[in-house]
Every structure is written in C-alpha cells, then in structure tokens.
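Report on one structure; see the data block that follows.
Number of protein chains: 2
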Amino acid sequence: MRESMLSEIGKYIFNPRSIAVIGASSDRKKELGGGWVGRLVQFGYEGKIYPINPKAETVLDIKAYPSVSAVPDDIDYVIVSIPSQHVLEAVKECIAKKVKVVHVYAAGFSEIDKEEGKARQKEMENVIHSGETMVIGPNCLGVYSPKNNLSFDIRFSKEAGTIGFLSQTGVGGRKLVNLANERGLRFSNVVSYGNAIDLDGPDFLEYFADDPETKEILVYVEGVKNGRKFFTTLRECTKIKPVVLLKAGLSKSGAGAAASHTGSLAGSREVWQALFRQTGVIPVQTLEEAVDQLVAVIDVPEIKGKRIGLIGRGGGFGVIASDLCEAHGLVVPRFCDETRAKLAELTPAEAGSSVRNPVEIGLGRRGLSEYYAQGVEIVGADPLIDIIITYLNPEDYLHYGLGDWADAVSRELVKVVKNTSKPFIVSFMQGRNPQVFELILKIQDKCQEAGIACYSSIENAIKAASKLADYYEFRNRERKR
Amino acid sequence: MRESMLSEIGKYIFNPRSIAVIGASSDRKKELGGGWVGRLVQFGYEGKIYPINPKAETVLDIKAYPSVSAVPDDIDYVIVSIPSQHVLEAVKECIAKKVKVVHVYAAGFSEIDKEEGKARQKEMENVIHSGETMVIGPNCLGVYSPKNNLSFDIRFSKEAGTIGFLSQTGVGGRKLVNLANERGLRFSNVVSYGNAIDLDGPDFLEYFADDPETKEILVYVEGVKNGRKFFTTLRECTKIKPVVLLKAGLSKSGAGAAASHTGSLAGSREVWQALFRQTGVIPVQTLEEAVDQLVAVIDVPEIKGKRIGLIGRGGGFGVIASDLCEAHGLVVPRFCDETRAKLAELTPAEAGSSVRNPVEIGLGRRGLSEYYAQGVEIVGADPLIDIIITYLNPEDYLHYGLGDWADAVSRELVKVVKNTSKPFIVSFMQGRNPQVFELILKIQDKCQEAGIACYSSIENAIKAASKLADYYEFRNRERKR
Numbered sequence: 002m003r004e005s006m007l008s009e010i011g012k013y014i015f016n017p018r019s020i021a022v023i024g025a026s027s028d029r030k031k032e033l034g035g036g037w038v039g040r041l042v043q044f045g046y047e048g049k050i051y052p053i054n055p056k057a058e059t060v061l062d063i064k065a066y067p068s069v070s071a072v073p074d075d076i077d078y079v080i081v082s083i084p085s086q087h088v089l090e091a092v093k094e095c096i097a098k099k100v101k102v103v104h105v106y107a108a109g110f111s112e113i114d115k116e117e118g119k120a121r122q123k124e125m126e127n128v129i130h131s132g133e134t135m136v137i138g139p140n141c142l143g144v145y146s147p148k149n150n151l152s153f154d155i156r157f158s159k160e161a162g163t164i165g166f167l168s169q170t171g172v173g174g175r176k177l178v179n180l181a182n183e184r185g186l187r188f189s190n191v192v193s194y195g196n197a198i199d200l201d202g203p204d205f206l207e208y209f210a211d212d213p214e215t216k217e218i219l220v221y222v223e224g225v226k227n228g229r230k231f232f233t234t235l236r237e238c239t240k241i242k243p244v245v246l247l248k249a250g251l252s253k254s255g256a257g258a259a260a261s262h263t264g265s266l267a268g269s270r271e272v273w274q275a276l277f278r279q280t281g282v283i284p285v286q287t288l289e290e291a292v293d294q295l296v297a298v299i300d301v302p303e304i305k306g307k308r309i310g311l312i313g314r315g316g317g318f319g320v321i322a323s324d325l326c327e328a329h330g331l332v333v334p335r336f337c338d339e340t341r342a343k344l345a346e347l348t349p350a351e352a353g354s355s356v357r358n359p360v361e362i363g364l365g366r367r368g369l370s371e372y373y374a375q376g377v378e379i380v381g382a383d384p385l386i387d388i389i390i391t392y393l394n395p396e397d398y399l400h401y402g403l404g405d406w407a408d409a410v411s412r413e414l415v416k417v418v419k420n421t422s423k424p425f426i427v428s429f430m431q432g433r434n435p436q437v438f439e440l441i442l443k444i445q446d447k448c449q450e451a452g453i454a455c456y457s458s459i460e461n462a463i464k465a466a467s468k469l470a471d472y473y474e475f476r477n478r479e480r481k482r
Numbered sequence: 002m003r004e005s006m007l008s009e010i011g012k013y014i015f016n017p018r019s020i021a022v023i024g025a026s027s028d029r030k031k032e033l034g035g036g037w038v039g040r041l042v043q044f045g046y047e048g049k050i051y052p053i054n055p056k057a058e059t060v061l062d063i064k065a066y067p068s069v070s071a072v073p074d075d076i077d078y079v080i081v082s083i084p085s086q087h088v089l090e091a092v093k094e095c096i097a098k099k100v101k102v103v104h105v106y107a108a109g110f111s112e113i114d115k116e117e118g119k120a121r122q123k124e125m126e127n128v129i130h131s132g133e134t135m136v137i138g139p140n141c142l143g144v145y146s147p148k149n150n151l152s153f154d155i156r157f158s159k160e161a162g163t164i165g166f167l168s169q170t171g172v173g174g175r176k177l178v179n180l181a182n183e184r185g186l187r188f189s190n191v192v193s194y195g196n197a198i199d200l201d202g203p204d205f206l207e208y209f210a211d212d213p214e215t216k217e218i219l220v221y222v223e224g225v226k227n228g229r230k231f232f233t234t235l236r237e238c239t240k241i242k243p244v245v246l247l248k249a250g251l252s253k254s255g256a257g258a259a260a261s262h263t264g265s266l267a268g269s270r271e272v273w274q275a276l277f278r279q280t281g282v283i284p285v286q287t288l289e290e291a292v293d294q295l296v297a298v299i300d301v302p303e304i305k306g307k308r309i310g311l312i313g314r315g316g317g318f319g320v321i322a323s324d325l326c327e328a329h330g331l332v333v334p335r336f337c338d339e340t341r342a343k344l345a346e347l348t349p350a351e352a353g354s355s356v357r358n359p360v361e362i363g364l365g366r367r368g369l370s371e372y373y374a375q376g377v378e379i380v381g382a383d384p385l386i387d388i389i390i391t392y393l394n395p396e397d398y399l400h401y402g403l404g405d406w407a408d409a410v411s412r413e414l415v416k417v418v419k420n421t422s423k424p425f426i427v428s429f430m431q432g433r434n435p436q437v438f439e440l441i442l443k444i445q446d447k448c449q450e451a452g453i454a455c456y457s458s459i460e461n462a463i464k465a466a467s468k469l470a471d472y473y474e475f476r477n478r479e480r481k482r
C-alpha cells in the first residue's frame with residue numbers, strides 16, 4: 002500500500018467532499034431509476050456533485066460539465082459509468098485532473114472471456130501506475146457509507162453500524178448487505194471493488210482492521226493478488242476483531258467461474274483452507290451463512306467452550322439437534338447431578354418431558370410454559386454447559402390461536418436471557434405457512450432489538466455457534482502466546 | 002415377522018373396520034380438542050367406533066362401553082390412551098378379546114430414565130408374546146391413512162399419494178408429514194410406532210416395499226432391534242423404490258437422547274454409515290432435508306450423471322453455486338464448443354452475461370428475459386450436461402413492481418421444462434421480506450403442480466440433486482449385477 006493510504010481511504014473513498022459521474026444521463030427517469038447521480042441524490046449525499054455529460058446542461062437539475070477537466074474545482078471521487086472501450090480515456094483524464102479516487106463501474110475487462118478485455122485491463126494498469134489516483138474496480142459497485150449518505154443502492158439502511166465489509170463481487174455484495182440489513186445488522190463502511198486493478202482486498206482489510214468504528218469485518222473475495230499481505234493482515238486482525246470470510250471460487254469449477262466474474266486467480270482449495278486455519282478467520286460458504294455468522298459474532302457474548310445445553314419440545318427434535326451438534330464439532334454433555342435433580346423437581350415426569358440433555362420443555366402447550374424460563378436458568382447454571390440453544394416450533398401452536406403469542410414469547414425470551422449467565426441462542430422451525438413466517442419475523446425482530454441471536458433453523462444456529470466457539474478458542478490461544 | 006403379517010398390516014393397521022378407544026373422554030370439548038375419538042370423527046373415519054369409558058354413556062354422541070370386553074362385536078384396532086400404569090391391564094384385555102391390533106399411545110415405558118418404565122415395558126413384552134394381537138408402540142401416534150380417512154392429526158391432507166412413511170418418533174413424524182403436505186407431497190400410509198415393543202421398523206419397511214400403492218419410502222428411525230432384517234429389506238427395496246432415510250441418534254449424545262425418547266439402542270455411527278453405503282438408501286439429517294429429498298425423488302426424472310449446468314443471474318452467485326456443487330460431489334464442467342458458440346450468439350456480450358458454466362442469464366431485468374428459455378434449451382442439449390439447476394432471486398425484481406411476476410415466471414418455467422430434455426431444478430434465494438416469501442410460495446405452488454422440483458436455496462437444490470444422482474448410480478449398478 003502506498004504511504005498514508007490508510008487515511009486516504011477513510012478520507013477520499015468513504016467520505017469524499019465531491020463526486021463526479023462520467024456517463025450521467027440527461028434522461029430524468031433513467032437517472033432516477035438507476036443512474037449514479039440519481040443514487041447520490043436519492044440517498045442524500047451532501048457533498049458536491051458534478052454530472053459529466055458532453056451533451057447535457059443539467060442532470061437532475063444539477064449543472065453538468067462536458068468533461069472532468071472542465072470542472073473548475075478539485076474532485077475527490079469520480080464514478081466512471083460508460084462503455085468499456087471509452088474507460089481508458091476517462092481514467093487518463095482523471096489522473097491528469099489529479100482526482101483522488103476513480104471508481105470504474107464499467108465491466109468488460111479481464112473478467113470477460115476475450116483477449117480484448119484482458120488487453121484493456123493491462124493497458125489501464127499501465128496508465129494507473131503513472132499517476133497518484135487510486136482506482137476502485139473495474140467491474141464493481143463502489144462504496145456504501147451510511148454515515149456519509151453515500152450508497153450504491155438507495156434501498157440500504159441509512160443507519161450506520163459497526164461492520165466493515167469488503168466485497169469483491171457487486172451483485173453478491175449488494176445482496177449480502179440487503180440480507181444483513183433485514184436482520185437488523187448495520188455497517189460502518191462497505192466497498193465493492195471488483196477486478197482490483199489497483200486497490201485490492203488487503204488494502205481495504207488493512208483499513209478496516211485499523212478503523213475504530215469497525216468492530217467486525219466481513220470479507221467476500223474471489224481472489225487476491227497480494228496473498229502474503231492478505232494473510233498477515235488477517236492474522237493480526239483476528240486478534241482484535243472477528244473476521245467472517247466468504248471465499249468464493251474454492252472449487253475448480255468455482256475458480257473458473259470467478260475468473261469470468263471478477264477476473265480473479267482464485268487459488269487452490271488447499272491454500273485457502275490453510276489460510277482459514279492459520280489466521281483464525283471464520284469461513285462461511287454462502288451469503289445466508291455469512292449473515293447468520295455475523296448475527297452470532299455481534300449478539301452472542303464470548304463463548305468459553307463447546308458444550309451445548311439443548312432445550313426445546315419434541316424428543317425427536319432433540320435427537321436430531323444432538324446429532325447436528327456433534328456433526329458440527331460441538332458436544333452435548335450429560336448435566337451435572339444437581340442440574341438433573343433440579344430439572345426433575347421442576348418438570349412433571351410424564352410424556353414430553355426429559356431432564357437429560359436435550360431437556361424437553363417447550364414453551365408450553367399454549368406458547369408459554371411456566372417451567373421454561375426456570376429450566377433455562379437451571380441449565381445455564383450448570384458448570385458443564387457453555388452455551389444454550391433453544392428450538393421453538395411456532396407452527397405447532399397455530400391451531401390454539403396465536404393472538405399475542407409473538408409478544409408473549411419474545412417477552413419471555415428477553416427475560417430468560419437476562420436471568421441466564423450463559424450465551425443463549427434461539428432457533429425456530431420454519432414451514433411454508435406465511436402466517437408462521439410472519440410470526441417468526443415478529444419474534445425475531447423483538448429478540449434482535451434485545452440483542453438475542455435468532456436463527457431460522459436449528460442447524461444454522463448450531464453452525465454459527467460452533468464457528469464462533471472456534472474463533473474465541475483461536476483468539477484466546479493467540480493472545481496467550 | 003409372523004406369517005401373513007404383510008397382509009395383516011394392510012388390512013388391520015391401515016384399514017381397520019372398527020376402532021375402540023380406551024381412555025375416551027365424556028368431556029366434549031376435550032375430546033374434540035385432541036382426543037382420539039374426536040380425531041376419528043373429525044377426520045371422517047367411516048368404520049365403527051367404540052369409545053371405552055367406564056363412567057360415560059356416550060362420547061361425542063357415540064355409544065360408549067365400560068371395557069373392550071363389554072363390546073359385543075369383534076374389534077380390529079384399539080387405541081390405548083390412559084396413564085402408563087394401567088396400560089398392561091388394557092393390553093391383556095385386548096389380547097383376551099382377540100383384538101387384531103393394539104396401538105399404545107401412552108408413554109412412560111423404556112424411554113423414561115427410571116427402572117419402573119423399563120420394567121413395565123418388559124412385563125408388557127411378555128404379555129404380548131402370549132397372544133396373537135399385534136402391538137404398535139408404546140409411546141407413539143399410530144396411523145395416518147388418508148384413503149381410509151384415518152389420521153392421528155386432523156390437519157393432515159385427506160388426499161392419498163405414493164409415499165409410504167414409517168416413523169419411530171411421534172412429534173417429529175407429524176412435523177415431517179406437515180412439511181411434506183405443505184410442499185404438495187402426499188402419502189399412501191404413515192405409521193408412528195415409538196418404542197417398537199412388537200412391530201418394528203423392519204416390519205413396516207417390508208410392508209411398504211411390497212405395497213403397490215407405495216412408490217417411495219420415507220424412514221425416520223432412532224434405532225432398530227432386528228438390524229439384519231432391516232438391512233436386507235432395505236437392500237432389496239432400493240432396487241425397486243427409492244428410500245429416504247432419516248436416522249436420528251447417530252452421535253453419542255444423540256444416541257443418549259434417542260434412548261430417552263423412544264427407548265432405542267441407536268447403534269454406532271460407523272455401523273449406520275456402512276448401512277447407508279451398502280443399501281443405497283438416501284440418508285438425510287433433518288426433517289427439512291427429508292422433504293427436500295422427497296421432492297427430488299418424486300419430481301426429478303432419472304439423473305444419468307453428476308454434471309451440472311448452472312444458469313442464473315449474478316456472477317457471484319454462480320461462483321458460490323459452483324463451489325457448493327463441488328462440495329456436494331457434483332461437477333460443473335466446461336460446455337462443449339457448440340453450446341458456447343450458441344450461447345455467445347444468444348446473449349449480448351456485456352456486463353452480466355457469460356457463456357461459461359455457470360451461464361449468466363437471469364429471468365431478465367423485469368422478470369423474464371427473452372434469452373432465458375432458449376439458454377436453458379441450449380444447455381440442456383449439451384451432451385456434457387446431466388442436470389440443470391437454475392437460481393432465481395425475486396427480491397432483486399421487487400422494486401420494478403412485481404404485478405403478475407409469479408404467473409409469468411412460473412409459466413416460463415413450465416415451458417422451459419417442456420422444451421428441455423434434461424432434469425431441471427429451480428431454486429430461489431429467500432430473504433426476510435414477507436412479500437418475497439409469498440411470491441416464492443406462489444411460484445413454487447405453480448411449479449409443483451407442473452411437477453417441477455423447487456427449492457428455497459441453491460444449496461438445498463444441489464444437495465438433493467447430488468444424493469438423487471448417487472441413488473440412481475447405485476440402483477443401476479445393482480440392477481446390472
């Protein structure tokens with residue numbers, strides 16, 4: 002990384018004072034429907050905007066200029082949104098203008114399966130090296146910085162949070178932000194950087210590792226050029242901040258697909274798996290899993306070990322949950338005698354109750370059992386248990402009429418968490434009933450607000466808990482060194 | 002199995018002419034809310050019903066009797082729904098009455114963590130061996146036979162289908178039927194048989210293997226006593242019918258949980274994994290996966306190999322999908338030259354299209370691309386491809402206003418399947434948006450009607466396709482022997 006680039010990224014990439022858009026449209030509807038000036042305006046960007054269009058007087062009532070060189074002031078950030086064959090000229094102009102950052106939105110470079118694309122990227126590389134301008138892209142969506150009212154998608158949350166996210170891919174990264182936003186997760190800054198002709202994953206990673214507003218880091222890469230730097234930065238970073246890593250293109254065919262997506266050299270599965278192990282990142286395989294993992298990272302307190310206490314109704318579900326725990330590297334131990342004795346006192350010894358681990362106490366027939374909260378408390382007090390996972394099946398209560406079930410259950414869960422000393426994770430069984438779907442959403446939203454990690458399946462909950470336990474184990478071992 | 006038991010199961014268990022309920026309640030509301038007479042009446046059972054209650058004149062307006070021996074006629078099937086300490090007497094009476102089948106609903110036997118339960122079960126075993134009466138249970142829900150209007154849950158579909166399902170667990174089995182019903186799947190017969198004091202998994206398996214109305218078999222076991230018979234029956238059965246097997250209690254802790262759930266000896270993971278390999282069953286881990294697998298078994302035509310053609314929009318999703326394919330044992334090969342040439346002709350060479358595998362053609366910006374159907378057809382014609390999996394992301398189209406999107410897309414998908422010679426599987430990305438959830442349901446329902454296998458995530462689609470390919474590979478190898 003060039004000297005002082007860390008501060009330059011924070012200053013010019015995530016918080017530029019001015020943005021020019023090369024390829025702005027004079028067609029109002031088009032610009033508002035998906036143009037870059039339209040996005041800036043609609044997301045409330047407060048800096049100066051310079052639409053660049055040789056034929057337009059104004060774009061969305063903002064004075065337009067025929068070229069960046071025609072703009073009378075300095076420009077921090079330029080978005081290049083024109084066909085690939087004209088990009089090189091535009092970038093040259095930006096360098097001449099001493100623009101701080103160029104974001105090349107346009108695709109058609111090393112990711113396409115033709116010599117002309119690769120040649121175009123090579124040529125651009127040469128041009129960039131001659132100047133001081135930082136380049137993001139090509140073939141990417143650029144920046145989302147909620148606290149600076151800057152976003153490549155106007156549907157994103159305007160609320161700022163603590164997740165720093167670097168995404169090589171555009172559409173996938175956007176979807177990830179959407180999924181995370183829906184789960185109540187908020188970002189400090191996000192960058193989609195595509196083919197990484199200049200700024201690459203390791204640069205942004207280093208920035209987020211250093212950034213005090215970023216408490217967790219999400220990385221979505223297909224490949225990195227400077228693998229050594231990526232490795233060492235990750236290794237240092239995980240000692241202070243958890244890093245969730247979605248590495249796409251691990252397979253042979255996936256690597257081929259990555260080459261034609263972001264022009265990346267994906268690297269072999271073995272190399273990456275060694276990196277996962279040695280850096281202490283939390284590896285995930287899909288967008289959904291990435292979000293599930295972030296929820297655990299943010300909402301679950303430090304996990305001290307891998308011994309799970311399972312609580313729910315339905316003995317069969319308990320057996321399956323135990324199997325899943327073991328398959329994912331967790332342990333479902335026998336409770337200590339005191340716990341068993343207390344549970345035996347608490348629950349009636351009849352069909353549908355068990356004082357073993359998994360404990361069979363549901364939320365009661367009509368939603369709330371008088372035994373539930375106490376049961377969780379007893380299990381939480383067991384010195385042999387590190388985490389509690391509960392599994393609920395709202396569909397089973399539907400025919401009793403649910404009324405204020407969501408309110409009652411979420412109130413109970415919030416109370417339970419308060420009275421329990423151990424990390425507590427909630428999972429729901431989802432069916433295909435829209436009523437149940439919305440009911441679960443409602444409970445999850447309330448739990449989310451209270452900082453309780455909620456999952457749509459017991460398997461997802463177990464996976465996330467297990468990987469989080471791995472992370473803390475790694476971190477604490479590293480810190481002791 | 003006793004001589005002629007196969008026909009006895011079909012005759013007396015799934016289609017009894019008369020049913021007595023020991024433990025029927027004279028409280029109308031209670032009986033309708035969850036009593037066994039209530040269930041029979043509400044599900045439309047057409048045989049004779051004999052409520053047994055020493056203190057009642059009638060139950061739901063049906064003449065009651067003080068005991069089974071007081072019933073003047075023969076009884077095919079008796080449901081025992083009284084506290085465990087009185088069950089033995091009731092079973093003895095049934096044997097004396099020469100009842101054909103006794104279903105012991107009551108729990109409190111070998112599954113409870115106390116000597117008294119185990120002793121009670123042992124005692125009952127001795128009693129059973131003295132008579133000709135077949136016993137289902139204890140600790141189970143019994144029978145669901147839609148064509149005979151018989152069900153342990155009145156919410157189940159009244160439509161009969163082709164899946165034969167034997168479930169050791171009650172609540173889990175019920176949930177599985179619910180989940181399957183919601184996906185449009187229908188059953189020939191279902192039995193929940195719990196602790197298996199007499200009739201065990203292998204007995205029902207043998208029945209379903211032989212039953213012409215059963216085309217696919219679903220097995221949900223925690224343990225079996227006669228492992229040898231189970232193994233040989235499975236091995237024969239998979240040559241003619243696919244068997245989806247959910248074996249719960251594979252882990253050490255799961256096995257402990259199984260012991261306290263259905264009193265099963267769960268067996269070691271190694272033994273079961275050898276059974277999976279050698280019998281050609283399709284093993285699954287959760288209820289949701291079982292249903293996903295059944296959908297593939299029923300709706301996907303025979304898969305000839307493991308080479309996948311992937312089609313969707315979003316290069317990043319394609320990379321992840323490729324990784325998942327490889328992780329699940331599938332291959333994403335390079336298309337043959339002819340396919341690539343045809344795809345290159347079809348799709349414009351710009352951002353968001355690729356003629357490699359995965360192919361990037363979505364359903365178009367507004368839902369339907371004019372290239373989509375043709376693209377699938379071209380890929381389907383490639384001799385290097387065995388299955389096509391497509392991934393759709395309806396949320397991305399939401400802001401265009403979806404209107405009749407569901408209709409248009411499902412019409413297109415139905416057309417696509419007709420014109421494609423290869424198995425074609427559809428997957429959707431699900432978010433947390435209720436509008437998207439319902440939209441996907443709507444498309445899935447329409448696809449389901451047309452016999453197209455639909456999944457709520459690309460990973461689930463890939464998993465199901467891979468295991469189905471394994472099954473056909475196994476079956477064809479076995480048949481050639």
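Protein sequences, first through last, are from chains A and B.
Each residue of the first sequence is one higher than the one before, starting from 2 at the first, in my numbering.
Each residue of the second sequence is one higher than the one before, starting from 2 at the first, in my numbering.
Note that beta-carbon positions come from the ideal geometry of N, C-alpha and C, so glycine has one too.
Fair warning: this is a prediction, and the values are worked out from it, not measured in the lab.
Where MET125/A is concerned, the enclosing alpha helix (DSSP H) starts and stops at 116-130. Beyond the five residues adjoining it in sequence on each side, SER168/B comes within less than 6 Å, by CB distance, of GLY174, SER193, TYR221 in the same chain, given in chain order.
Inter-residue distance for LEU331/A and ILE309/A is about 7 Å (C-alpha atoms, whole angstroms).
Taking each of ALA275/A, VAL282/A, ALA258/A in turn and checking the Cα distance to LEU311/B, the smallest one comes out for ALA258/A.
ILE50/B sits in a strand when the DSSP states are folded into three classes.
DSSP, read as helix, strand or coil, puts GLU223/B in coil. By the beta-carbon neighbour count (other beta carbons within 10 angstroms, threshold 16), THR59/A is exposed. Between VAL418/A and ALA451/A, the C-beta gap is smaller than 8 Å, which places the two residues in contact. In its chain, beyond the 5 residues on either side, PRO284 have a beta carbon closer than 6 Å to the beta carbon of PHE277/B. Exposure of ASN150/A is indicated by the presence of fewer than 16 other C-beta atoms within 10 angstroms of its C-beta. Here the alpha carbons of GLY45/B and VAL244/B stand approximately 30 Å from one another.
Closer than 8 Å to the CB of ILE283/B there is not a single CB belonging to chain A. When Cβ-Cβ separations below 8 Å define contact, LYS253/B makes contact with chain A. Within the segment 259-281 of chain A, ALA259, SER261, HIS262 place their CB atoms closer than 7 Å to a CB of chain B, listed in sequence order.
Between TYR51/B and ILE76/B, the beta carbon gap of about 6 Å places them in contact (Cβ cut-off 8 Å).
Of the candidates HIS329/B, VAL292/B, PRO139/B, the residue whose Cα lies closest to the Cα of ALA197/B is PRO139/B. Interface annotation, SER26/B: not in contact with chain A, CB-CB separation never under 8 Å. When CB distances to chain A are screened at a threshold of 7 Å, the residues of the segment 435-447 of chain B falling below it are PRO435, PHE438, GLU439, LEU442, in chain order.
Look at CYS326/B here: in three-state DSSP terms it is helix. The C-beta distance from VAL225/A to ASP201/A rounds to 6 Å, short enough to meet the 8 Å contact threshold.
Using a CB distance below 8 Å, the part of the segment 330-342 of chain A facing chain B consists of VAL332, VAL333, PRO334, ARG335, ordered along the chain. Scanning the segment 138-211 of chain A from its first residue to its last, the whole alpha helix (DSSP H) runs of 4-plus residues come out as 172-183, 202-211.
In this structure, the beta-carbon distance from ASP387/B to PHE336/B does not fall below 8 Å. The contact set of LEU325/A on chain B, defined by CB atoms closer than 9 Å, consists of SER252, GLY255, GLN286, THR287 in chain order. When the beta-carbon positions are compared, GLU217/B and ILE164/B come within less than 8 Å of each other.
Contact check between the segment 320-331 of chain A and the segment 459-466 of chain A: three or more CB pairs, one atom from each, fall below 8 Å, which counts as touching. Under the three-state reduction of DSSP, ARG308/A is assigned to strand. Beta-bridge pairing by DSSP links SER19/A to LYS49/A. By the criterion of a C-beta distance shorter than 8 Å, GLN43/A is surrounded in its chain by LEU33, ILE155, once the five residues flanking it on both sides are discounted. Here the alpha carbon of ASN434/B sits roughly 12 Å from the alpha carbon of ASP397/B. Scanning LYS56/B, GLN86/B, THR215/B for the CA closest to the CA of GLU117/B turns up GLN86/B. GLY24/B is not a Cβ neighbour of ILE96/B, given a cutoff of 8 Å.
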